[in-house]
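K.L.:
Number of protein chains: 4
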Amino acid sequence: MKARSITMLGTGLIGEFYTMTIHGQRGRDRVRVVYSRSAERGTAFSERWGIPEHTTDIAAAVNHPDTDVVVVGLPNHLHEEAVKLAAAAGKPVLCTKPLARTADEARRMLDAVEQAGVFAGYLEDLCYTPKSLKAFRAVQAGAIGDVTWVRSRETHPGPHSAWFWDGRLTGGGAIVDLGCHCIEIIRDFVGKGNRPVEVMCVTDTLVHPIDDEDNAIALIRFESGATGQFEVSWTFRGGMDLRDEVAGTHGTIWINHFLRTGFEMFIAGGSAGYVAEKAEAGSGWLFPVGDEVSELGYVDMFTDMFRAMEEGRLPQETFYDGYVVNAIMDACYRSARTRQWESVQLEWRGGVSPRIARVPELYEGLIVIKREILPDGRQKLILKDPASGGFVDRVVAG
Amino acid sequence: MKARSITMLGTGLIGEFYTMTIHGQRGRDRVRVVYSRSAERGTAFSERWGIPEHTTDIAAAVNHPDTDVVVVGLPNHLHEEAVKLAAAAGKPVLCTKPLARTADEARRMLDAVEQAGVFAGYLEDLCYTPKSLKAFRAVQAGAIGDVTWVRSRETHPGPHSAWFWDGRLTGGGAIVDLGCHCIEIIRDFVGKGNRPVEVMCVTDTLVHPIDDEDNAIALIRFESGATGQFEVSWTFRGGMDLRDEVAGTHGTIWINHFLRTGFEMFIAGGSAGYVAEKAEAGSGWLFPVGDEVSELGYVDMFTDMFRAMEEGRLPQETFYDGYVVNAIMDACYRSARTRQWESVQLEWRGGVSPRIARVPELYEGLIVIKREILPDGRQKLILKDPASGGFVDRVVAG
Amino acid sequence: MKARSITMLGTGLIGEFYTMTIHGQRGRDRVRVVYSRSAERGTAFSERWGIPEHTTDIAAAVNHPDTDVVVVGLPNHLHEEAVKLAAAAGKPVLCTKPLARTADEARRMLDAVEQAGVFAGYLEDLCYTPKSLKAFRAVQAGAIGDVTWVRSRETHPGPHSAWFWDGRLTGGGAIVDLGCHCIEIIRDFVGKGNRPVEVMCVTDTLVHPIDDEDNAIALIRFESGATGQFEVSWTFRGGMDLRDEVAGTHGTIWINHFLRTGFEMFIAGGSAGYVAEKAEAGSGWLFPVGDEVSELGYVDMFTDMFRAMEEGRLPQETFYDGYVVNAIMDACYRSARTRQWESVQLEWRGGVSPRIARVPELYEGLIVIKREILPDGRQKLILKDPASGGFVDRVVAG
Amino acid sequence: MKARSITMLGTGLIGEFYTMTIHGQRGRDRVRVVYSRSAERGTAFSERWGIPEHTTDIAAAVNHPDTDVVVVGLPNHLHEEAVKLAAAAGKPVLCTKPLARTADEARRMLDAVEQAGVFAGYLEDLCYTPKSLKAFRAVQAGAIGDVTWVRSRETHPGPHSAWFWDGRLTGGGAIVDLGCHCIEIIRDFVGKGNRPVEVMCVTDTLVHPIDDEDNAIALIRFESGATGQFEVSWTFRGGMDLRDEVAGTHGTIWINHFLRTGFEMFIAGGSAGYVAEKAEAGSGWLFPVGDEVSELGYVDMFTDMFRAMEEGRLPQETFYDGYVVNAIMDACYRSARTRQWESVQLEWRGGVSPRIARVPELYEGLIVIKREILPDGRQKLILKDPASGGFVDRVVAG
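Chains as they are written, first to last, in my numbering: chain A, 9 to 406; chain B, 9 to 406; chain C, 9 to 406; chain D, 9 to 406.
1) Classify D/K200 as helix, strand or coil using the three-state DSSP reduction.
2) From this set, C/I261, C/T243, C/D154, which residue's C-alpha is nearest D/L214's C-alpha?
3) Can we say the segment 236–247 of chain D touches the segment 230–238 of chain A, given the rule of at least three CB pairs closer than 8 Å?
4) Check whether the Cβ of B/G278 lies closer than 9 Å to any Cβ atom in chain A.
5) In terms of residues, what are the limits of the alpha helix (DSSP H) holding D/L21?
6) Just to confirm my understanding: we take B/F238, look at its own chain, exclude 5 residues before and 5 after, and list those with CB closer than 6 Å. What are they?
7) With C/F127 and C/V158 assumed to form a contact (beta carbons below 8 Å), what rounded beta-carbon distance in angstroms separates them?
8) Just to confirm the assignment, what range does the alpha helix (DSSP H) spanning C/Y306 have?
9) Is B/S291 close to chain D, meaning its C-beta is less than 9 Å from at least one C-beta of that chain?
10) Within 10 angstroms of its Cβ, does B/A280 collect 16 or more other Cβ (buried), or is it exposed?
11) Residues in the same chain with beta-carbon distance under 8 Å from D/P60, minus the five sequence neighbours each way, listed in chain order, please.
12) Please list the partners that D/G246 has in chain B, where partner means a Cβ-to-Cβ separation under 7 Å.
13) Should C/D308 be flagged as near chain B, meaning a C-beta pair shorter than 9 Å?
14) Kindly indicate if chain D contains any beta-carbon less than 9 Å away from that of A/P138.
15) How many Å lie between B/Y306 and B/C135 at the Cα?
16) Assuming contact is defined by CB atoms lying nearer than 9 Å, are B/C209 and B/A344 in contact in what I supplied?
17) Would B/A114 be called buried (16 or more neighbouring beta carbons within 10 Å of its own) or exposed?
18) Can you look up D/W242 in the DSSP assignment and give me helix, strand or coil?
19) Less than 9 Å between the beta carbons of C/G125 and B/R36, yes or no?
20) Taking the alpha-carbon of A/N71 as reference, which of A/A47, A/V101, A/E48 has the nearest alpha-carbon?
21) Is it true that the CB of A/A182 sits closer than 9 Å to the CB of A/D220?
22) With a threshold of 9 Å between beta-carbons, can B/P100 be considered close to chain A, or not?
23) Is the segment 298–314 of chain C touching the segment 290–309 of chain B in the sense that three or more CB pairs, one from each, lie closer than 8 Å?
24) Drop a sphere of 10 angstroms on the beta-carbon of D/T104, count the other beta-carbons inside from all chains shown, and report buried for 16 or more, exposed for fewer.
25) Can you pull the chain D neighbours of C/A170, defined as C-beta to C-beta under 7 Å?
26) Starting from C/G175, trace the alpha helix (DSSP H) both ways and give me its first and last residue.
27) Taking the straight line between their C-alpha atoms, what separation do you get for C/V352 and C/G23?
28) Is the beta carbon of C/Y341 less than 9 Å from the beta carbon of C/G180?
29) I need the straight-line Cα distance from B/M28 to A/R347, nearest angstrom please.
30) Should B/D2 go down as buried or exposed, given a rule of 16 or more other Cβ atoms within 10 Å for buried?
31) Just to make sure I have the definition right: I need the residues of chain D whose C-beta is within less than 7 Å of the C-beta of A/K142. Which are they?
32) Tell me which residue opens and which closes the beta strand (DSSP E) that A/R40 is part of.
33) Assuming A/C340 is part of the alpha helix (DSSP H), what are its boundary residues?
34) Quick check on A/D37 - is its C-beta less than 9 Å from some C-beta in chain D?
35) Looking at the secondary structure, which residues open and close the beta strand (DSSP E) in which C/S54 lies?
36) If you run the structure through DSSP and keep just helix, strand and coil, what is D/Q33?
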């Protein structure tokens, strides 16, 4: 494996998490130069993480002669410029989520990297949590049958940085901030080749005095007949609620990434120190997270990205995926305005998906609706007469 | 307190639960006569529960000279007739859920009891679980501020009785069976005086070879701005998933009624006997429920009903509530067909609800978006300049 | 069923819970007269619960002509006198836990009721929780095989009433207060016919400036080879931790009665009102209990007591059980002093228990230590050669 | 950071986990040569992990000219020889748990590395889980006050490899296999400078036809007055139960490493593939673990070891710690035989610990036993009169 030398763009919370991950444990890769719009933040950041250089010149950072990967950890409105600079420099580029503010912007970024022929990875960490990865593999192996429904939920009391609240810079509110995670998680569960057809979305500005949504719920219909459902909010009280629920024809998956992970503390008073991202309290019952950069997927994400570069393959999460997510978010915002189901408009590369299987079983000419095991081992069948349309039950040997 | 003598109509699962509850613990009330369409089931039921008489004549059961309450535990298509008989007999009548198959039918039943002037209770057990009652009281006391969102979910692998699967008898599929619970739970949390304005609903028939929906998701918008969300399914794998989640401006409530209630068993093989309603397995990790008739609300429900009769007041759940639930379900079915938001059409008796409160706080002329406590005790304010629309953050003393 | 008219002795927290239970729901039984050492508390209590009479004369209360059951809810040092009065009056007597301060005292009480021939019930509520009852039945039905180990834990920050802290009145500290529950729960799981042979106990006074133990751990060895383990404390932080864990040769049971029962609230500030007995906080994450008198076993306990009287049988929990519990607690206190295993000294009425079964299976002349299912369906056997004493593994068809 | 080139001794499950960790993610370190007693296993292992060389000559492996660290992942009876070879070679050595079969053996190993002056690390992974590390830091920062009690529990249905069952090779049964983890976890919570004074231990051979214990419970008394409690078993049913509970004077910590970590799957039938180490079932409700090598502490453990080498400091877990653990296990086995409290015999290097603090607060000359907040905001004090020894309660302003 080759060690990577990285240009890090951005010194906010996401830059912290990325650098903490890359420099963490026994990692071979290192941030070589960091770009910040503020010299002061750049200095502090490079000292904190032992980074040799920092600059306020984004082009100089991207074109630094000693780096071979560019990581974009900037506010949303600066992604396009950064990605185009990296493409022009012919360097692999990894861009934080959401890829862009709109599908059009994402499309231009996708075109830029494809035309330059550079490796491009979409840094969608929550699709790389260890739990998610194991769950995706189980679903792909057929463990729960056909996926019929996915609920992905991310809610907390609101972002830490001022720019997140300014829809002019971000492209929206809670959907652009959190919904992008949920949408891609849903896609990983229903299958990336499963075309998102249309969406219905409701947005509200319930609590915070802002113009954009601080709360949203959306339904996404996929070609297979599966439904994705996301709930995002900046108004949740109690910490960060990060859960995924998946229903399949033969099984169920429930994942809780944050508030109930088998680590519970009660503090009678005073402070327990830093508990977890977006924790709301320092006493009472607290629910810390063990190793956030691992649990939130950052570790496995960068491993996949750097390995994919070496192996000449696509990473699990690509710029095309980021573009699809933006297209779905665009449809969500349209739907919230029109109050109609809105079709997802995108260039689809994913092929065609069959409908969820539903092959009726017959018993003596009647359609089997359900089988139940009785306490004595016999089976109770609920049967439908295709002729009359009537239903009966019958107990048979087990 | 007066002991009640009861006419029980119906000997299915719900009749079992009702009689088990009424005859349970140290209850003073007794079923005096039971009506079943089948003499065989009537005989077995009356013997099982020590009921003096049984009959296949519904009018005789209702008009039995020694009973003073009629409990309707029949399939949906038989509710109207039973309630009208009770009204004609001038007896208090308690009717199982859903009240009717449609709002029109419910309305006729409501009119019948109101015109007869008899006490009428809607047997919506899940609004009476001990957890629900405590949560409703906490919400009404303002513990979590204004309710912004309620998710109520009831999913399992499908009903036990054949008639449940026949939409001609029930009025629909999973919505009529399970959604009625969720809707009334949502109403209890957002406030019964909070008018349900419109709904958006998606239905599917995913797994079972039937004509009606085995899966549905709906959004309900209330006058206050709160959103109710229900998920119902006959395709869930893993037992009975019965959960409610409530978000308020100052707090959160999560209730799990069934699968994770602090009672866990692992059985290496063989059988653990009866585990809980709709449990799917007899070995491996199982999640039994302590006392189902208490946990599912039956005990508190009948207590409220009988006490309300004595105290000359309305019970918590009335026929009017059942009618509102039917009106919302009607709108759900319309919406599933038209794929539009559909208004809830009903005679509203609940008054007017104000919008969820949102009063911006000012700090030196700027709008406070969020306050965060820093580890050193100081506060970080995220502020919006009302003039420029820009956002900044500022750290101040705690 | 006959309605019972009750003499209630005591107006503290336990008297409240008992009366709340008996007068709750649709109960037919009523408290007719209440005795309190304080006229003021007696007046308030009788008004609160609608009790016709109150008195400060215990003999008058017991001998009241219109009552047919005496319930003892007094501090420990007053149990013996109260039970002897009831025995003399020839009335059934139900006594709260612990039965007595020592096995000698318990023995005198047992003799008194046996000589008088009156019904006597031991009000050990935690052996009657709905979860416990279902778990006992599952264990008795063989669901988890032979019970090998039971852990019962009851810890909280300390009692609410002053007298509880005075070992001269109670007979000890946390063991007498809480250990009595744990011991009887353990006995119900390992089998009441399973003789408690000896105990090892450690006590500490860790936090509170008292003379008696505020913390204790004990191991109890039963004739079958099973081990009971209890942990009791008045120093726990976080509410009331009430858990039971049972290991069997074929299964496992975990019960959480209080802090994690599927009911979770987050309150951003202010107060959620009364949360649950011994909750420590009114904001942050809280874990309320639905219906405490049901969840803590009071409802099923009184039902069993009154039904047992009617049916002329023993209740699940008898004075003899209370006496056994006191004998085990006596041995615990001795062991804490001598730092030795101490034998449990009691008149044993429970017969003889066989050892936990352990029949080695043979495979081609070797002893099978363990079987594991491999991912490919084959089985891996771990085998012991009885001749050499050596161990090998071997993979065979599944 | 320097990349390490490693001699791996052993190709069993532990060698797999170690190599998976070292070669995982973006790690810079690599196994250069692997030693196995079996050429066949050595070949397979080196191919599976891309290791350049393998050998059946342990001395050749240790003395390999291109390696600079020796990792011992061999059965217990081979640790001493391997460590002495590494010491003789002057190479840093990391040895798996338990360090040795007895304290005497551990002491010889400790002497060997100290005399050779080589870095020596004790590979106690469960003291390095992300949850454990965060909890240790919280405790060290005083978040829960003085630690009074730690329960550490590790139970599962028994080891996968034949040699584990042979006490002649391992030094015992479940205590040597699992208790060593629990003991060191307990030490990390109560403080490594807190001298273990004496132990009381019970062992049983309950289920498996072996000579050593398949079940054990022990109490460890520390100089501060804290109590450690461990429960280990090879007879648990339901998977691997790996939990730690910590009580402090001001707080509580509960950690569940395996069975309830926020990842739940229900599989209706068939198989979900590999679920987690020692999972017992492939259908029904399953509780997988996200990333086992991270969650079980292997990642942070090797990071600490290699960083400690670079920084010239001791790792968190040293050979001295391993020796202390062996000394405590020796005392456990003695106690199980003598049925007495047995003192822990060891050369203590940890200094002296003060007693858990207990400073009584006074209120108007009375000792404050407890303060409770009443619903109306006032405080209820429970007070002891130091003169009379009597207890009273008093309500005061909040």
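Even glycine gets a Cβ: it sits at the ideal position worked out from N, Cα and C. Owing to the predicted nature of the structure, the values given are computational and were not obtained by experimental measurement.
P.N.:
Inspection of the coordinates gives the following:
1) To locate residue 200 of chain D, count along the fourth sequence from 1; it is residue 192. Reduced to three states, the DSSP call for D/K200 is coil.
2) Within the fourth sequence, residue 214 of chain D is the residue found at index 206, counting from 1. When each option's Cα is compared against that of D/L214, the closest is C/D154.
3) no
4) For the purposes of this step, residue 278 of chain B is taken as the residue at position 270 of the second sequence. Unreliable placement is indicated for B/G278, whose pLDDT of 48 sits below 50; the coordinate value is still reported in the next sentence. Output row for B/G278: interface = no.
5) For the purposes of this step, residue 21 of chain D is taken as residue 13 along the fourth sequence, with counting starting at 1. From DSSP, the alpha helix (DSSP H) with D/L21 extends over 21–30.
6) In the second sequence, counting from the first residue as 1, residue 238 of chain B sits at position 230. Around B/F238: S160, G187, C190, A226.
7) Along the third sequence, read from residue 1 onward, the residue named residue 127 of chain C stands at position 119. Along the third sequence, read from residue 1 onward, the residue named residue 158 of chain C stands at position 150. Not confirmed; about 29 Å, so no contact.
8) Translated into positions along the third sequence, residue 306 of chain C becomes position 298. Segment 306–319, the alpha helix (DSSP H) holding C/Y306.
9) Your numbering for residue 291 of chain B matches position 283 in the second sequence. Closer than 9 Å: yes.
10) Here the question's residue 280 of chain B lines up with position 272 in the second sequence. Interpretation of B/A280 is limited by its pLDDT of 43, a score under 50 that renders its predicted location unreliable; the figure taken from the coordinates is listed afterwards. Buried, since its Cβ has 16 or more Cβ neighbours within 10 Å.
11) Residue 60 of chain D sits at position 52 when you count from the first residue of the fourth sequence. Counting only Cβ-Cβ distances below 8 Å, and skipping sequence neighbours, we find R40, V41, S54.
12) Position 238 of the fourth sequence, counting from 1, holds the residue named residue 246 of chain D. Simply F274, W293.
13) By 1-based counting over the third sequence, the position of residue 308 of chain C is 300. Under the Cβ criterion of 9 Å, C/D308 is counted among the residues facing chain B.
14) Residue numbering aside, residue 138 of chain A sits at position 130 when the first sequence is read from its first letter. The beta carbon of A/P138 falls within 9 Å of a beta carbon belonging to chain D, placing the residue at that interface.
15) Looking up residue 306 of chain B in the second sequence gives position 298. Looking up residue 135 of chain B in the second sequence gives position 127. Taking the straight line joining both Cα atoms gives about 10 Å.
16) Along the second sequence, read from residue 1 onward, the residue named residue 209 of chain B stands at position 201. Along the second sequence, read from residue 1 onward, the residue named residue 344 of chain B stands at position 336. Cβ atoms of B/C209 and B/A344: closer than 9 Å.
17) Within the second sequence, residue 114 of chain B is the residue found at index 106, counting from 1. Result: buried.
18) As a first step, residue 242 of chain D must be located in the fourth sequence, where it is residue number 234. Note: D/W242 maps to coil in three-state DSSP.
19) Start at 1 with the first residue of the third sequence, and residue 125 of chain C comes out as number 117. Start at 1 with the first residue of the second sequence, and residue 36 of chain B comes out as number 28. Result no, Cβ atoms of C/G125 and B/R36 do not sit closer than 9 Å.
20) Along the first sequence, read from residue 1 onward, the residue named residue 71 of chain A stands at position 63. A/N71 has its Cα closest to that of A/V101, out of A/A47, A/V101, A/E48.
21) Position 212 of the first sequence, counting from 1, holds the residue named residue 220 of chain A. Position 174 of the first sequence, counting from 1, holds the residue named residue 182 of chain A. Contact flag set, yes.
22) Working through the second sequence from its first residue, we reach residue 100 of chain B at position 92. For B/P100, the answer is no, since every Cβ of chain A falls outside 9 Å of its Cβ.
23) Yes, they touch.
24) For this step, residue 104 of chain D is matched to residue 96 along the fourth sequence. Buried is the call here.
25) Taking the first residue of the third sequence as 1, we reach residue 170 of chain C at position 162. I390, F399, V400, D401, listed in chain order.
26) Stepping through the third sequence from its first residue, residue 175 of chain C is reached at position 167. That run of the alpha helix (DSSP H) goes 175–178.
27) Residue 352 of chain C sits at position 344 when you count from the first residue of the third sequence. Residue 23 of chain C sits at position 15 when you count from the first residue of the third sequence. Distance between the alpha carbons of C/V352 and C/G23: 32 Å.
28) As a working mapping, residue 341 of chain C is identified with position 333 in the third sequence. As a working mapping, residue 180 of chain C is identified with position 172 in the third sequence. Contact: yes.
29) Start at 1 with the first residue of the second sequence, and residue 28 of chain B comes out as number 20. Start at 1 with the first residue of the first sequence, and residue 347 of chain A comes out as number 339. Distance between the alpha carbons of B/M28 and A/R347: 47 Å.
30) Outside the modelled stretch of chain B, which goes from 9 to 406, sits residue 2 of chain B, for which no answer is possible.
31) Stepping through the first sequence from its first residue, residue 142 of chain A is reached at position 134. Under the 7 Å cutoff, chain D gives P296, G298.
32) Numbered from its first residue, the first sequence carries residue 40 of chain A at position 32. Where A/R40 is concerned, the enclosing beta strand (DSSP E) stretches over 38–43.
33) Taking the first residue of the first sequence as 1, we reach residue 340 of chain A at position 332. Start and end: 327–346.
34) On the first sequence, residue 37 of chain A is found 29 positions in, with the first residue counted as 1. Closer than 9 Å to some Cβ of chain D, the Cβ of A/D37 qualifies, so yes.
35) Here residue 54 of chain C corresponds to residue number 46 of the third sequence, with the count starting at 1. Where C/S54 is concerned, there is no enclosing beta strand (DSSP E), although the alpha helix (DSSP H) around it starts and stops at 47–57.
36) Taking the first residue of the fourth sequence as 1, we reach residue 33 of chain D at position 25. Coil, per DSSP.
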